[in-house]
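A short write-up of the structure that comes next.
There are 4 protein chains.
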Amino acid sequence: MTLDTTTDTTDSTGTASPGTEVAAAAAHHHGYISDKDRYLTRMKRIEGQARGIAKMIDDEKYCIDILTQVSALTRALQGVATGLLDAHLKHCVLDAAKLGDDDAAIAKIQEATDAINRLVRS
Amino acid sequence: MTLDTTTDTTDSTGTASPGTEVAAAAAHHHGYISDKDRYLTRMKRIEGQARGIAKMIDDEKYCIDILTQVSALTRALQGVATGLLDAHLKHCVLDAAKLGDDDAAIAKIQEATDAINRLVRS
Amino acid sequence: MTLDTTTDTTDSTGTASPGTEVAAAAAHHHGYISDKDRYLTRMKRIEGQARGIAKMIDDEKYCIDILTQVSALTRALQGVATGLLDAHLKHCVLDAAKLGDDDAAIAKIQEATDAINRLVRS
Amino acid sequence: MTLDTTTDTTDSTGTASPGTEVAAAAAHHHGYISDKDRYLTRMKRIEGQARGIAKMIDDEKYCIDILTQVSALTRALQGVATGLLDAHLKHCVLDAAKLGDDDAAIAKIQEATDAINRLVRS
Numbered sequence: 001m002t003l004d005t006t007t008d009t010t011d012s013t014g015t016a017s018p019g020t021e022v023a024a025a026a027a028h029h030h031g032y033i034s035d036k037d038r039y040l041t042r043m044k045r046i047e048g049q050a051r052g053i054a055k056m057i058d059d060e061k062y063c064i065d066i067l068t069q070v071s072a073l074t075r076a077l078q079g080v081a082t083g084l085l086d087a088h089l090k091h092c093v094l095d096a097a098k099l100g101d102d103d104a105a106i107a108k109i110q111e112a113t114d115a116i117n118r119l120v121r122s
Numbered sequence: 001m002t003l004d005t006t007t008d009t010t011d012s013t014g015t016a017s018p019g020t021e022v023a024a025a026a027a028h029h030h031g032y033i034s035d036k037d038r039y040l041t042r043m044k045r046i047e048g049q050a051r052g053i054a055k056m057i058d059d060e061k062y063c064i065d066i067l068t069q070v071s072a073l074t075r076a077l078q079g080v081a082t083g084l085l086d087a088h089l090k091h092c093v094l095d096a097a098k099l100g101d102d103d104a105a106i107a108k109i110q111e112a113t114d115a116i117n118r119l120v121r122s
Numbered sequence: 001m002t003l004d005t006t007t008d009t010t011d012s013t014g015t016a017s018p019g020t021e022v023a024a025a026a027a028h029h030h031g032y033i034s035d036k037d038r039y040l041t042r043m044k045r046i047e048g049q050a051r052g053i054a055k056m057i058d059d060e061k062y063c064i065d066i067l068t069q070v071s072a073l074t075r076a077l078q079g080v081a082t083g084l085l086d087a088h089l090k091h092c093v094l095d096a097a098k099l100g101d102d103d104a105a106i107a108k109i110q111e112a113t114d115a116i117n118r119l120v121r122s
Numbered sequence: 001m002t003l004d005t006t007t008d009t010t011d012s013t014g015t016a017s018p019g020t021e022v023a024a025a026a027a028h029h030h031g032y033i034s035d036k037d038r039y040l041t042r043m044k045r046i047e048g049q050a051r052g053i054a055k056m057i058d059d060e061k062y063c064i065d066i067l068t069q070v071s072a073l074t075r076a077l078q079g080v081a082t083g084l085l086d087a088h089l090k091h092c093v094l095d096a097a098k099l100g101d102d103d104a105a106i107a108k109i110q111e112a113t114d115a116i117n118r119l120v121r122s
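Protein chains in written order, with full-length UniProt numbering: chain R, 1 to 122; chain D, 1 to 122; chain G, 1 to 122; chain V, 1 to 122.
Here it is in structure tokens:
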């Protein structure tokens with residue numbers, strides 16, 4: 001699986017903050033990419049869970065049963081999030097540290113900390 | 001949109017706890033149903049967000065940008081969850097209380113409390 | 001244990017929103033009060049956990065071990081929160097509903113929903 | 001404030017997992033220690049918040065007002081947690097990486113990931 005660094009960086013969701021990827025060197029693979037297929041499978045399952053919840057609402061199922069599925073979906077998402085964070089720390093941060101580039105490593109840790117803050121909503 | 005109370009209760013997700021709907025009387029509309037279309041729209045958007053995150057992974061976007069989208073999706077889900085809870089309390093619980101059926105009202109509150117526990121993961 | 005309704009409502013923490021108690025009738029006991037001693041015991045334990053964490057910091061313990069204690073304390077707090085919510089719903093809300101006071105019941109549910117929103121930070 | 005590396009490691013809370021500090025070399029200062037006084041101040045304030053909530057319960061304040069304070073306390077705790085995590089990553093992890101000790105760095109990141117998992121309860 002190769003990283004096509006010439007790929008268009010337009011974000012399909014239109015919401016990613018542009019420019020945060022500046023520090024990613026051309027030859028650098030993001031940490032999660034070795035597990036890319038597994039993450040895609042997990043996101044497919046999450047998409048299916050979202051579709052299942054929509055169907056429960058359309059079928060007018062009992063609210064509490066729907067809430068149970070929403071909690072399960074939230075947990076699945078959090079699992080993806082902490083997995084991505086772990087990969088970010090073990091690859092992006094460590095690679096920068098090993099290159100002796102303290103500023104880049106600190107910047108990447110700060111991004112991770114900000115992401116953790118958003119996740120735990122502190 | 002009518003509530004077909006004879007409808008098959010098989011759950012498309014296969015994970016809903018069977019039997020929690022026992023207390024729902026035949027003529028009772030779940031609280032969220034008056035807002036059903038709005039909830040379906042929100043779930044469609046959430047499904048789209050999940051698909052957008054899968055695409056970011058497939059396009060090997062920067063991990064932190066993906067995490068930002070995962071947090072946004074989690075918050076959207078939590079909004080659906082607290083909305084459903086609110087509707088459950090304002091309709092299912094209150095209807096039971098107004099019928100003077102204390103046991104049913106308490107049972108429905110207990111279900112809500114259990115759902116809240118799952119949501120805040122206490 | 002009597003509820004002294006003439007008690008000064010000045011809040012020792014200085015942060016409670018004044019006026020939210022308006023709807024509490026003079027003779028009404030908040031739901032958690034039958035469990036008051038148990039809640040006081042739990043809060044004493046939580047205070048002790050906070051003191052223990054301060055001591056770990058003062059003793060310069062390993063950061064991760066401190067984090068483990070912070071998570072345990074957070075979970076203990078969430079247990080208190082969901083317990084209070086449950087009591088609010090089973091007493092304050094239900095009492096209003098049984099008095100046939102729909103507006104008061106809905107207002108109390110709205111307060112609960114807002115509190116849940118703050119808890120799950122949606 | 002000096003780090004007494006001969007200090008007794010008995011944990012006042014009695015709950016810290018023993019042995020997680022093995023990797024901390026004698027001369028290593030945990031990342032948060034440069035901010036130790038600030039963390040102690042924050043924990044003192046948190047302890048005061050816990051005491052304030054106990055007093056609100058003892059004074060039989062309105063449940064929703066107590067919940068507001070519990071949410072504020074939870075957020076304060078999460079701020080301490082993400083601060084400690086950030087310090088752990090910027091010091092403990094980076095120091096290990098700079099020493100070229102990949103295994104130690106990865107082990108410390110794994111501890112951080114586990115702590116993040118506990119924080120977001122995924």
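Glycine included, C-beta positions come from ideal geometry on N, C-alpha and C.
Between the region 38 to 52 of chain D and the region 44 to 51 of chain R, the count of Cβ pairs shorter than 8 Å is three or higher; the stretches touch. Counting C-beta atoms within 10 angstroms of its own C-beta, Leu89(D) has 16 or more neighbours from the protein chains shown and is therefore classed as buried. Nearest in C-alpha terms to Leu94(G), of all of Leu119(D), Lys108(D), Ala72(D) and Ile33(D), is Lys108(D). Per DSSP, Ser71(V) is one residue of the alpha helix (DSSP H) stretching across Cys63 to Ala87.
Among the residues of the region 64 to 94 of chain R, those with a Cβ less than 9 Å away from any Cβ of chain D are Ile64, Asp65, Ile66, Leu67, Thr68, Gln69, Val70, Ser71, Ala72, Leu73, Thr74, Arg75, Leu77, Gln78, Val80, Ala81, Leu84, Leu85, Ala87, His88, His91 and Cys92, in the order of the chain.
Between Ala81(R) and Leu67(D), the C-beta gap is smaller than 9 Å, which places the two residues in contact. Here Leu85(R) is not near Thr74(V), since their CB atoms are 9 Å or more apart. By the neighbour-count criterion, in which 16 or more other beta carbons inside 10 Å mark a residue as buried, Ser71(D) falls on the buried side. Counting only the Cα atoms, Ala115(V) lies some 22 Å from Asp35(R). A Cβ of chain R is located within less than 9 Å of the beta carbon of Arg121(V). As the crow flies, the alpha-carbon of Arg121(D) is around 7 Å from that of Arg121(V). The beta carbon of Ile106(R) falls within 9 Å of a beta carbon belonging to chain V, placing the residue at that interface. Residue contact with chain R for Thr113(V): present (Cβ-Cβ distance below 9 Å to some residue of chain R). Chain G places a beta carbon closer than 9 Å to that of Ile109(D), counting this residue as a contact. Nearest in C-alpha terms to Asp59(R), of all of Gly83(D), Tyr39(D), Gln110(D) and Cys92(D), is Tyr39(D). By the Cβ neighbour-count rule, Leu99(V) is exposed, with fewer than 16 other Cβ atoms within 10 Å of its own. For Asp102(G), a Cβ of chain D is located within less than 9 Å of the residue's own Cβ.
Taking a Cβ-Cβ threshold of 8 Å, the residues of chain R close to Lys36(D) are Ile57, Asp58 and Glu60, in chain order. Under the three-state reduction of DSSP output, His91(R) falls in the helix class.
DSSP places Asp59(G) outside any alpha helix (DSSP H), giving it a letter other than H or E.
Residues of chain D whose Cβ lies closer than 8 Å to the Cβ of Lys44(R) are, in chain order, Ala54.
In the three-state DSSP reduction, Asp101(R) falls in the coil class, being neither helix nor strand.
From the beta-carbon of Ala50(G), no residue of chain D is found nearer than 8 Å; the closest lies around 17 Å away.
Nearest to His30(R) by alpha-carbon distance, out of Lys61(D), Ile106(D), Gln78(D) and Arg118(D), is Lys61(D). Arg45(D) sits in a helix when the DSSP states are folded into three classes. Collapsing the DSSP output to three states places Arg121(V) in coil. Scanning Gln110(D), Glu111(D), Glu47(D) and Cys92(D) for the CA closest to the CA of Leu77(D) turns up Glu47(D). One thing to note: Cys92(G) has its Cβ no nearer than 9 Å to the Cβ of Cys92(V).
With contacts defined by Cβ atoms closer than 9 Å, Tyr32(V) and Gly83(V) form a contacting pair. By the criterion of a C-beta distance shorter than 7 Å, Leu119(D) is surrounded in its chain by Ala81, once the five residues flanking it on both sides are discounted. Close partners of Ile116(V) in chain R (Cβ separation under 7 Å): Thr82, Leu85 and Ile116. Burial check for Asp37(D): the Cβ neighbour count within 10 Å stays below 16, so the residue is exposed. When rounded, the separation of the alpha-carbon atoms in Ile57(R) and Gln69(V) is 34 Å.
Not flagged as an interface residue toward chain D: Leu99(R), since no C-beta distance is shorter than 9 Å.
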